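Just below is one structure, and these are the notes that go with it.
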Amino acid sequence: MLSTFLLAGSLRAQAMEGRSYSLDEAIRVALENNRDLRDAQLGLATADQQVREAWGSLFPNVDATVSYQRNLQIQEAFLPRIIFDPTAPADELIPVRFGAENNWSAWLNVTQPIFDAGALVGVGTAGRFQALQREAVRGQAQRIASRVRRAYYSALLAREQVRVTEESVRRTEQTLAETQGLQRAGLASSYDVLRLEVRLANLRPNLRRAANAAAAAERDLSVELGLDEVQLVRVAGRLHEIDLASANANEGANRELLRLVGYRDALDSSFESLNEVARKMRSDLRQAQLNRQLEDARVKFERTSLYPRLSAFFAYGIIAQDPGRPDFFGANANQRTTSAYLGVQLEVPIFSGFQRWARVQQRKLARQQAEVQLELLEQQAANQIRTAQEALEEARERAEAQREAVGEARRGFEIVTAQYLAGISSQLEVTEGEVLLRESEFNYAQAVYDYLIAQADLDDALGVVPLVDVPVADEAAVIISE
């Protein structure tokens, strides 16, 4: 018995390690720390800049250039000598230098698109991509929150297994002590004592195994939270005390476990209404819809390569030359001159080896692929909704039945224990009653766990996840209606 006491104390000390998180806190911490979500947010920031870049193509493009050229040997051209000397022979040429050792120039160039269908459509395409990236961030946040919920529920169930096993150990030890007393009084046999000792010896490793499984589940939860170090994360709530029949009957952490859902009253909703919610809120469907719109925009963008482009341009420049040692743009104003011009430019695509049409067809095929993908996702969503709704109904009914079974098993155990102490029942009947009670308690906790998991699966299937789409469950209906 001393070893069992030390084992239980060690397990309680292990359970007290680490910080305790409510489900709400756990989801918020995971959303803050998750690197995948950070990566998606950076993708959205990139899309924001791409939208700015697309809008920039509609504004004037202004460039300024300044150049300097040092002529190591000035180029010469041959001109007829008669130009300079009327008496010279007509076929005589002389070399003439053009320019000076130092050439300076400064230009200001302005280009303004007047009609560019590609730029106009490109703005819309970038906007579609931005919306797609924004939805990708939301979808990633949903996946993180749902994974944390499932890991949190798994840790709670693992702790229930520890509790049930600890209670079995405690009751077995108590029964063993009572049976040893009865043996000394001649009211129980040594075989009764031996059987209890064997049962206790079998329970102790089960308790250690359950505690290790609970610790592993809590470490898994710490990984989902994105903590700097893997550690035990204590969870709040007790599954066997949750009353699914009335959420208001629960208090503290148990009440929060039932409150923190995305879509309430799913059991009272029709499949058609749930499917309609999924079409509006489910992230993968929304991403597929946005991707189809993006492919539509890309088809339009490729078609713009067939249209002419019209732009206006303006340039102003200062040119200077000076001989000998460089003097910035020449000291003499007579060595400088200016130039300016203004015009329009029309570019008309005529033929490019059918490349433009091929690109348009590629984009059309990509749009068809996006439509097929959307149809497939809609079918998968409908199946997931149906499966999650059925699992939720089954878990709720099973939990109600198991709750009654726990009460009956507890009364049965109390009766058989009293009869055993009175010498009416055998120790075997007491053991069977205790086993039946523990199984009933764990089965109820398992049913509550299955209900919470089914609710998380349904929230996923509908695309309505707490703390991502709704602050609390009470606001779910308002946000969905929007």
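Residue numbers are given in numbering that gives the first Met the number 0: position 268 of the sequence shown equals residue 267, and the series is strictly consecutive. Positions of the beta carbon are idealized from the N, C-alpha and C atoms, including for glycine. The model shown is predicted, which means the values in this text are computed figures rather than measured ones.
Are the beta-carbon atoms belonging to residue i and residue j less than 8 Å from one another?
| i | j | result |
| --- | --- | --- |
| LEU195 | LEU181 | no |
| SER21 | VAL464 | no |
| VAL429 | TYR419 | yes |
| LEU256 | LEU391 | no |
| PHE128 | ALA46 | yes |
| GLU250 | PHE441 | no |
| LEU107 | ALA53 | no |
| SER167 | ARG385 | no |
| VAL415 | TYR443 | no |
| LEU202 | THR171 | yes |
| GLY216 | ALA277 | The displayed chain sequence assigns Ala, not Gly, to residue 216. No. Outside cutoff. |
| LEU199 | ALA398 | no |
Suppose you measure from the CA of residue i to the CA of residue j; what does that come to, to the nearest Å?
| i | j | result |
| --- | --- | --- |
| ARG509 | VAL447 | Nothing about residue 509 can be reported from this structure: the residues present for the chain run from 0 to 481 only. |
| GLN212 | ALA157 | It is worth fixing the name first, because residue 212 is Ala in this sequence and not Gln. C-alpha separation (whole angstroms): 6 Å. |
| GLU240 | LEU36 | 35 Å |
| PRO325 | ASN101 | 6 Å |
| PHE312 | PHE83 | 41 Å |
| VAL232 | ARG148 | 13 Å |
| VAL229 | VAL192 | 44 Å |
| VAL234 | ALA25 | 9 Å |
| ALA130 | ASP115 | 24 Å |
| ALA460 | VAL467 | 14 Å |
| VAL343 | ALA319 | 27 Å |
| ARG162 | ALA421 | 29 Å |
| ASP321 | ASN333 | 10 Å |
| LEU220 | ASP38 | 21 Å |
| LEU341 | ILE81 | 39 Å |
| ASN32 | SER351 | 51 Å |
| ARG263 | GLU271 | 16 Å |
| GLU301 | TYR67 | 42 Å |
| ARG27 | VAL469 | 13 Å |
| PHE412 | ASP449 | 26 Å |
| GLY123 | ALA357 | 22 Å |
| TYR151 | ASN253 | 13 Å |
| LEU345 | GLY55 | 20 Å |
| ALA400 | SER268 | 23 Å |
| ARG133 | ILE349 | 39 Å |
| GLY185 | ILE423 | 15 Å |
| GLN40 | GLU374 | 28 Å |
| VAL197 | LEU238 | 30 Å |
| PRO94 | VAL61 | 41 Å |
| GLY261 | LEU427 | 48 Å |
| ALA246 | GLY225 | 31 Å |
| THR303 | GLU275 | 37 Å |
| ARG393 | ARG169 | As written in the sequence, residue 393 is Glu, which differs from the Arg given in the question. Roughly 33 Å between the two C-alpha positions. |
For the candidate residues the options, whose alpha-carbon lies nearest to that of residue i?
| i | options | result |
| --- | --- | --- |
| GLN49 | ASP35, GLY121, PHE300 and PRO79 | GLY121 |
| GLU370 | ASN102, ARG162, LEU293 and ALA400 | LEU293 |
| PRO79 | GLY352, ASN70 and ALA89 | ALA89 |
| THR164 | ALA252, LEU257 and ARG208 | ARG208 |
| THR337 | SER104, PHE77, VAL405 and ARG308 | SER104 |
| ARG18 | ARG437, GLN388 and ARG218 | ARG218 |
| LEU30 | ALA455, ILE452, ILE143 and ASP449 | ILE143 |
| LEU305 | ASN290, GLN354 and ARG254 | GLN354 |
| GLY462 | SER425, SER66, GLY352 and LEU273 | LEU273 |
| ASP295 | ALA246, ARG362, ALA287 and ILE349 | ARG362 |
| GLN368 | ARG437, ALA339, ARG51 and ARG291 | ARG291 |
| LYS279 | ALA252, TYR151 and GLU377 | GLU377 |
| SER188 | GLY432, SER425 and GLU431 | SER425 |
| GLY316 | ARG335, GLY329, SER245 and ASN331 | ARG335 |
| GLU91 | THR178, PHE77 and GLY432 | PHE77 |
| GLU403 | PHE327, SER439 and ARG198 | SER439 |
| ARG69 | LYS299, GLY138, GLY323 and GLN454 | GLY323 |
| ARG34 | GLU223, GLN173 and GLU177 | GLU223 |
| VAL65 | ALA453, ALA210, ALA455 and PHE328 | PHE328 |
| GLN72 | PRO59, THR86, ARG297 and ALA99 | ALA99 |
Throw me the rounded Cβ distance for the residue i and residue j pair, which I believe falls under 8 Å.
| i | j | result |
| --- | --- | --- |
| PRO307 | VAL359 | No, PRO307 and VAL359 are not in contact; Cβ-Cβ is about 17 Å, not under 8 Å. |
| GLN111 | SER310 | 6 Å |
| LEU284 | ALA365 | 19 Å between Cβ atoms; not a contact. |
| GLN388 | LEU289 | Not a contact, Cβ separation roughly 27 Å. |
| GLN286 | ALA135 | 6 Å |
| GLU75 | ARG51 | Not confirmed; about 52 Å, so no contact. |
| LEU57 | ALA118 | 5 Å |
| ARG395 | LEU266 | 7 Å |
Report yes or no: is there a C-beta of chain B within less than 8 Å of the C-beta of residue i?
| i | result |
| --- | --- |
| SER425 | Note that chain B does not occur in the displayed structure, where there is just one protein chain. |
**Q.** Start-end ranges of the beta strand (DSSP E) lying completely within the stretch 44–120, minimum 3 residues
**A.** Secondary structure remark: continuous beta strand (DSSP E) runs of at least 3 residues inside the stretch 44–120, in chain order: 60–69, 75–79, 92–96 and 101–114.
Q | Secondary structure, beta strand (DSSP E): runs of 3+ residues fully inside the stretch 307–347 | A | Counting only runs of 3 or more residues that sit fully inside the stretch 307–347, the beta strand (DSSP E) segments are 308–321 and 335–346, in chain order.
Q) Which whole runs of the alpha helix (DSSP H) in the stretch 194–276 are 4 residues long or more, in chain order? A) Runs of the alpha helix (DSSP H) inside the stretch 194–276: 251–258.
Q | Whole runs of the alpha helix (DSSP H) within the stretch 416–461, excluding any shorter than 4 residues | A | Here the runs fully enclosed are 426–461.
(Q) At 4 residues or longer, what runs of the alpha helix (DSSP H) sit wholly inside the stretch 116–196? (A) Listed in chain order, the complete alpha helix (DSSP H) runs (minimum 4 residues) inside the stretch 116–196 are 116–183.
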